[in-house]
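Chains U, C, Z and X are the protein sequences, given in the same order.
If you count the first sequence from 1, you need to add 7 to reach my numbering.
If you count the second sequence from 1, you need to add 7 to reach my numbering.
If you count the third sequence from 1, you need to add 8 to reach my numbering.
If you count the fourth sequence from 1, you need to add 8 to reach my numbering.
One structure below.
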Amino acid sequence: MASKRFGKPDAGPIQVRGEVLAVRRSGDYYVLVFAAPGVAEATAPGNFVAIAVGGQPTAMLLRRCFSIHRVDTAGALGGTVEIVVDAHGPGTKWLVERAVGDPIDVIAPLGRPFSLPKDPVPCVLVGGGYGSAPLFMLADRLRERGCRVDLVLGAATESRLFGVVDGRRRASSLTITTDDGSLGTKGRVTDVLDRLLDDHGGQVIYGCGPMGMLAGLAKVAQERGIVSQCAVEEAMACGVGVCMTCVLPVIGSDGVTRMTRSCTDGPVFFGDQVRWDSVGTVPSDCLGAPVSATGGAQR
Amino acid sequence: MASKRFGKPDAGPIQVRGEVLAVRRSGDYYVLVFAAPGVAEATAPGNFVAIAVGGQPTAMLLRRCFSIHRVDTAGALGGTVEIVVDAHGPGTKWLVERAVGDPIDVIAPLGRPFSLPKDPVPCVLVGGGYGSAPLFMLADRLRERGCRVDLVLGAATESRLFGVVDGRRRASSLTITTDDGSLGTKGRVTDVLDRLLDDHGGQVIYGCGPMGMLAGLAKVAQERGIVSQCAVEEAMACGVGVCMTCVLPVIGSDGVTRMTRSCTDGPVFFGDQVRWDSVGTVPSDCLGAPVSATGGAQR
Amino acid sequence: MSNVVDMRANLASVTLPSPVLTASGCAAAGRELDKFFDVTAIGAVVTKSIMVQPRSGRPTPRMAETPAGMLNSIGLQGPGIEEFISKDLRWLRERGARTVVSIAGGSVNEFAELANRLRHEEGIAALEVNISCPNVESRGQVFACDPRAASSVIHAVRRHTGAQTPIFAKLSPDVTDIADIAQACVSAGADGLSMINTTLGMVINTDTMRPALAGITGGLSGPAIRPMAVRCVWQVRKALPDVPILGMGGIANGLDALQFILAGANAVSVGTATFNDPSAPWRIHNELAAALADRGFRSLADAVGHAHREEGVNL
Amino acid sequence: MSNVVDMRANLASVTLPSPVLTASGCAAAGRELDKFFDVTAIGAVVTKSIMVQPRSGRPTPRMAETPAGMLNSIGLQGPGIEEFISKDLRWLRERGARTVVSIAGGSVNEFAELANRLRHEEGIAALEVNISCPNVESRGQVFACDPRAASSVIHAVRRHTGAQTPIFAKLSPDVTDIADIAQACVSAGADGLSMINTTLGMVINTDTMRPALAGITGGLSGPAIRPMAVRCVWQVRKALPDVPILGMGGIANGLDALQFILAGANAVSVGTATFNDPSAPWRIHNELAAALADRGFRSLADAVGHAHREEGVNL
Ligand SMILES: Cc1cc2nc3c(=O)[nH]c(=O)nc-3n(C[C@H](O)[C@H](O)[C@H](O)COP(=O)(O)OP(=O)(O)OC[C@H]3O[C@@H](n4cnc5c(N)ncnc54)[C@H](O)[C@@H]3O)c2cc1C
Ligand SMILES: Cc1cc2nc3c(=O)[nH]c(=O)nc-3n(C[C@H](O)[C@H](O)[C@H](O)COP(=O)(O)OP(=O)(O)OC[C@H]3O[C@@H](n4cnc5c(N)ncnc54)[C@H](O)[C@@H]3O)c2cc1C
Ligand SMILES: Cc1cc2nc3c(=O)[nH]c(=O)nc-3n(C[C@H](O)[C@H](O)[C@H](O)COP(=O)(O)O)c2cc1C
Ligand SMILES: Cc1cc2nc3c(=O)[nH]c(=O)nc-3n(C[C@H](O)[C@H](O)[C@H](O)COP(=O)(O)O)c2cc1C
Ligand code: FES
Ligand code: FES
């Protein structure tokens with residue numbers, strides 16, 4: 008299986024003053040709609056935004072990152088962007104408390120987007136929780152190219168699913184799983200994946216969600232010899248490639264594992280590139296790994 | 008001249024969740040009106056409030072202090088309070104950007120208020136800039152007791168005067184001075200003070216405003232052998248008497264100068280108690296002053 | 009739920025009903041805060057460091073707000089030990105508050121004199137020895153920055169203090185190796201360690217283009233320094249597994265306090281946060297109790313140093 | 009108005025057109041930031057500290073946000089000196105950016121090797137020697153925390169570096185006496201001093217009840233540490249009136265930068281602020297120029313150390 012990219016490289020990010028157009032609830036999440044001149048046109052599915060949070064002077068220095076859910080280039084305000092926010096910490100809470108008309112400082116589009124297949128092959132898209140956010144735009148692009156799109160949405164419970172209604176409209180099929188069985192099949196997304204792939208002959212798996220889920224998708228793809236593309240979520244300090252906080256062990260085209268930035272080299276990686284079992288560690292065969300087990304303590 | 012207090016001691020402060028009722032401009036200042044249950048009843052002229060500022064999590068740890076301008080105990084919300092805010096720094100700017108209905112965290116009433124004379128003696132009230140804020144309430148109390156109230160408002164320029172219209176209604180006479188002559192007499196408040204005192208036989212001078220102005224008032228009072236009471240403004244970290252940041256050299260009833268807290272022992276002091284020339288220093292005859300010129304460096 | 013957690017804190021020979029104390033210099037002698045919460049409910053009131061003689065402190069400005077912190081240069085203003093005993097300590101005793109008396113001196117002798125003077129006073133739960141003040145006999149070098157100077161002070165205080173009264177040495181973070189100083193203090197007889205005092209900082213006023221504080225430099229406190237404080241507690245707990253630690257530096261809520269407990273503090277002091285919320289110590293007691301209950305702890309003692317445990321992934 | 013101020017900064021034998029530089033480790037090698045502002049317009053790009061060999065750095069999590077600051081424990085991840093020279097340095101040279109190369113090693117020899125390797129490379133305005141890393145030959149003690157270790161490193165780098173290339177020693181604030189270390193570095197041949205590196209901190213994750221960083225402790229940066237940084241610059245400027253200082257630590261706007269200049273820095277580096285605003289270095293250049301103009305300065309040089317002046321009240 009080849010791991011070359013078949014999409015376009017990312018366009019350069021811009022920093023713009025956006026304006027909040029709407030904040031609405033959706034299950035446990037919020038959908039934030041904002042104007043951000045120049046962003047919509049440049050966005051591909053899988054790109055993300057980094058938004059400055061906190062009223063001035065705030066104690067929160069770092070931007071918060073969110074997958075781009077939708078864009079609309081036709082907006083009167085020069086393009087609008089939608090994100091899905093799980094408001095669990097101080098930064099995300101601040102964000103969903105914005106009022107219509109409030110300014111927000113946005114950098115976008117960031118990261119490498121999902122690559123699209125040249126041929127109209129069937130694709131399975133799997134979203135965990137708010138991880139489904141970027142998949143609807145991806146589904147649209149894929150269907151434009153004639154790909155069949157089977158969508159799987161999974162979450163712990165019904166209220167933590169995102170995009171059920173939208174999914175029904177935009178995918179060829181929609182399968183839902185919840186850990187507690189409150190909606191759809193009780194279980195994990197990986198439990199329904201094999202059947203879907205068997206039934207429709209899926210050639211590419213696209214995933215976005217928790218690390219464990221992505222590892223599972225990558226494994227299924229690998230076992231079947233098909234391609235998987237996974238959008239990862241690592242804590243990011245800068246989002247633009249200068250700080251090296253967002254790394255994970257990724258195998259390069261030369262076969263060497265490097266601690267690779269997920270903000271600029273990702274967030275989308277081919278499933279077989281990522282050393283899933285070693286995420287959160289430095290594998291001993293990684294380039295530049297410490298020689299001893301503990302390594303030289305270093306900051 | 009006696010420096011005993013002839014008013015009542017301050018009531019204890021309370022910490023309450025207030026609610027913004029209005030923010031309106033007045034010249035260069037803003038008037039902030041808020042509900043604060045229990046505060047209005049307990050407030051005497053010269054008391055102040057300490058308000059927490061900044062959205063959470065904010066980088067601003069310390070409360071901001073403001074003289075209480077007006078209170079209304081008849082409000083449906085259990086008492087309302089008004090303050091006058093000069094929005095020049097991050098905390099005051101945050102405050103005047105509040106919307107109606109926003110919560111604010113308030114501690115009040117704080118500090119020792121102005122003492123009121125037992126007898127209906129003529130009084131001159133002098134306010135510099137927003138320093139006039141507490142004087143209108145004081146004027147009302149004094150007039151209730153039958154005192155004549157001559158009010159002097161001074162500022163650098165017209166837009167930095169506060170309460171001109173109110174002053175005309177509530178005082179027996181109103182005199183205005185501006186440094187640039189844009190309204191009233193060109194000059195300082197002290198320039199008009201002697202004439203006013205001569206004309207109406209003022210027995211007490213009340214002042215609130217910049218330190219230099221207060222020093223001037225105290226000097227005039229001392230020369231005439233009358234009483235002055237000055238509300239000072241020192242940078243305060245706690246406002247409740249526990250941090251010792253807000254001190255100035257004050258002569259006690261025992262004749263000894265101590266570095267005295269302006270938040271709990273002030274902000275109102277008798278003019279002859281304060282060592283005006285030594286504010287910002289530790290006079291060498293102050294209790295516990297360093298023996299050598301430089302003193303032991305200490306934090 | 010939270011009342012099932014046993015919140016008693018052990019600080020050497022003393023057991024306090026709550027692990028939350030005030031921080032020296034941030035609560036005066038408790039009287040002002042008693043208007044906002046019951047000062048007998050918290051672990052103890054730690055008083056402003058007291059010196060032998062009355063002391064005027066420094067000129068103003070004495071403070072500057074900084075990002076998530078503040079600088080102060082009070083200069084240990086205080087009434088001197090005699091007035092402290094006759095007024096402040098008496099009030100605390102009559103009020104029924106547990107009291108940790110913080111003492112400060114410019115020489116070893118002054119510390120000894122203070123300890124001696126306090127020896128027979130009642131109602132003192134512990135002494136906190138503020139060694140983060142300059143040694144006038146050593147070109148103003150701060151006692152806490154030199155293991156030998158620190159050790160002489162602690163030794164002297166220990167000698168003049170009854171065995172039933174624990175002595176806590178209050179450490180400065182402004183040293184190359186805090187565990188080194190901690191060890192020196194413990195060897196000299198400290199029963200426990202308080203950490204951290206403020207770290208030296210400075211703000212330039214960009215209008216006057218001079219230092220913002222009359223004292224030029226000042227002590228930085230508040231949440232800004234919390235990561236430094238947690239690190240110090242962690243390091244000292246690692247180096248001295250059995251010595252009681254009173255942790256402080258930027259604690260503003262129950263989860264902040266929990267960080268210190270997990271890092272190895274047996275109790276905590278709340279300082280700068282009190283300026284924003286005068287009832288912070290009692291609020292934090294309740295938040296900490298709830299946080300411990302949420303995490304399934306039966307007692308505070310079980311959580312002390314819990315982040316050091318070796319289990320699962322070896323950190 | 010602001011364009012009347014002469015913004016040239018003198019750092020030993022090098023004159024930069026702007027006193028605002030990036031901070032090592034916060035700008036990679038400039039390429040990513042060049043999308044947000046013209047990296048040739050600022051004083052210089054200070055590159056991420058490079059080591060002899062490629063280096064993976066530490067496991068994740070590598071960062072934690074803290075009040076007005078952040079902790080990082082990257083562990084000096086980098087491609088090693090050869091790839092750095094062939095890719096990063098080459099890009100910077102071709103782009104026309106002034107470059108300060110930051111070097112880091114685990115032993116004196118490694119530092120010497122790096123200096124030697126860079127000796128004949130073109131387009132290096134200065135070397136910044138990151139001595140805030142552990143000395144593997146000395147139980148991991150950080151070079152910058154010991155005057156002798158610091159001095160050996162600087163001495164070795166100076167010996168292997170051409171006289172035309174200034175060497176800046178980058179100091180850690182985690183020492184009892186920073187002026188002492190500064191003096192040792194200058195005596196060993198440092199042409200200037202960069203300060204401050206991050207201060208050691210720690211966060212406990214209250215959910216996992218373990219250290220938040222895989223590396224346990226990390227370096228604290230951002231506005232939270234600014235008062236400490238300004239204090240260090242002030243102290244070292246006082247002790248060494250003539251040594252060029254590159255100041256950094258929590259600079260987020262032009263007035264922050266001005267504080268450092270007034271305290272005695274000849275130029276400044278902008279680090280963590282870049283994560284929030286990728287064009288921060290250039291914005292801060294402009295804000296600083298405007299602030300200097302507002303205060304009537306004709307040149308940046310006139311403002312350097314201005315807060316130390318003795319006039320009027322003697323501070
Ligand atoms: C590429 C990418 C795409 C993302 N897409 C979405 C999305 O569509 N919807 C959504 O709700 N969330 C998304 N996240 C996660 C989101 O960025 C975090 O939940 C958020 O930053 C947490 O901020 P907080 O202040 O609420 O929480 P806190 O936990 O208080 O944040 C503290 C700090 O940790 C960082 N942090 C904490 N958790 C994460 C995380 N999971 N990922 C990155 N940084 C983290 C924050 O940026 C901040 O610096 C995405 C993250 C990345 C990296
Ligand atoms: C008793 C008292 C009464 C006051 N009454 C009024 C009033 O009626 N209207 C009004 O506009 N202002 C009043 N002030 C001043 C007001 O508190 C300050 O202007 C305000 O705190 C500045 O906050 P900032 O964030 O806007 O500015 P910054 O300058 O950024 O404040 C930084 C820090 O310094 C402190 N500080 C700065 N200036 C002062 C000051 N002059 N007094 C006290 N603390 C200061 C702040 O509390 C804060 O901690 C009063 C102050 C005191 C002590
Ligand atoms: C205004 C002020 C005064 C202080 N005075 C003292 C003191 O007298 N003695 C002492 O040991 N520590 C003193 N401290 C330090 C505190 O006790 C505490 O160690 C430090 O502020 C860190 O805790 P915090 O961040 O919770 O304030 C003072 C701190 C502040 C802010
Ligand atoms: C993510 C990160 C990585 C850093 N890496 C380095 C480094 O490699 N070498 C170095 O000398 N300093 C490094 N630093 C320290 C900065 O250069 C700077 O000294 C410090 O962060 C203080 O400045 P700031 O508050 O503006 O960030 C790093 C800082 C951060 C935040
Ligand atoms: S988040 Fe900074 S390099 Fe990826
Ligand atoms: S402001 Fe704290 S004692 Fe007055």
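Here a beta-carbon is modelled for each residue, glycine too, at the ideal position from N, C-alpha and C.
Nearest candidate by alpha-carbon position, reference residue i, set the options
i, options, result
"alanine 281(X)", "Ala59(U), Val40(U) and Val30(U)", "Ala59(U)"
"alanine 139(Z)", "Ser202(Z), Arg101(Z) and Glu130(Z)", "According to the sequence shown, residue 139(Z) is isoleucine rather than alanine. Looking at the Cα atoms, Ser202(Z) is the closest of the given residues."
"valine 13(X)", "Pro289(X), Asp185(X) and Phe305(X)", "Phe305(X)"
"proline 155(Z)", "Ile189(Z), His163(Z) and His168(Z)", "Ile189(Z)"
"serine 327(Z)", "Thr55(Z), Asp46(Z), Asp42(Z) and Thr68(Z)", "What the structure shows of chain Z is the stretch from 9 to 323, and residue 327(Z) is not part of that stretch, so it cannot be assessed."
"histidine 293(X)", "Val22(X), Ala164(X), Gly51(X) and Ala273(X)", "Gly51(X)"
"glycine 194(C)", "Ala162(C), Gly45(C), Leu224(C) and Leu28(C)", "Ala162(C)"
"alanine 238(C)", "Ala47(C), Pro274(C), Gly62(C) and Lys125(C)", "Pro274(C)"
"threonine 214(Z)", "Phe268(X), Lys178(X), Pro252(X) and Ala31(X)", "Phe268(X)"
"glutamate 73(X)", "Gly98(U), His76(U), Glu48(U) and Val92(U)", "Gly98(U)"
Residue i in three-state terms, based on DSSP
i, result
"asparagine 284(Z)", "helix"
"leucine 19(X)", "strand"
"aspartate 112(C)", "strand"
"asparagine 322(X)", "Bear in mind that the predicted position of asparagine 322(X) carries a pLDDT of just 40, short of 50, making it unreliable; the figure below should be weighed with that in mind. Three-state DSSP puts asparagine 322(X) in coil, outside helix and strand."
"lysine 193(C)", "strand"
"alanine 228(U)", "helix"
"glycine 303(U)", "Here glycine 303(U) scores only 41 on pLDDT, less than 50, and its place in the model should not be relied on; the value that follows carries that caveat. Coil."
"glycine 262(U)", "coil"
"asparagine 54(C)", "coil"
"proline 155(Z)", "helix"
"valine 150(X)", "strand"
Bounding residues of the beta strand (DSSP E) (the contiguous stretch that carries residue i)
i, result
"leucine 255(C)", "254-258"
"glutamate 26(U)", "21-33"
"leucine 69(C)", "Element bounds for leucine 69(C): n/a, residue is neither H nor E."
"alanine 42(C)", "36-42"
"phenylalanine 277(U)", "275-277"
Proximity of residue i and residue j at Cβ, strictly below 7 Å
i, j, result
"valine 244(X)", "alanine 271(X)", "no"
"glycine 257(Z)", "isoleucine 204(Z)", "yes"
"aspartate 157(U)", "valine 196(U)", "no"
"phenylalanine 121(U)", "proline 217(U)", "no"
Start and end residues, alpha helix (DSSP H) containing residue i
i, result
"cysteine 193(X)", "186-195"
"glutamate 102(X)", "98-103"
"valine 241(X)", "234-247"
"alanine 309(Z)", "308-311"
"aspartate 292(U)", "That residue, aspartate 292(U), is in no alpha helix (DSSP H); it is neither H nor E in DSSP."
Pull every residue with its beta-carbon under 6 Å away from any heavy atom of ligand 6, and keep them in chain order. Met243(C), Ala244(C), Cys245(C), Gly246(C), Gly248(C), Val249(C), Cys250(C), Met251(C), Thr252(C), Cys253(C), Arg268(C) and Cys270(C)
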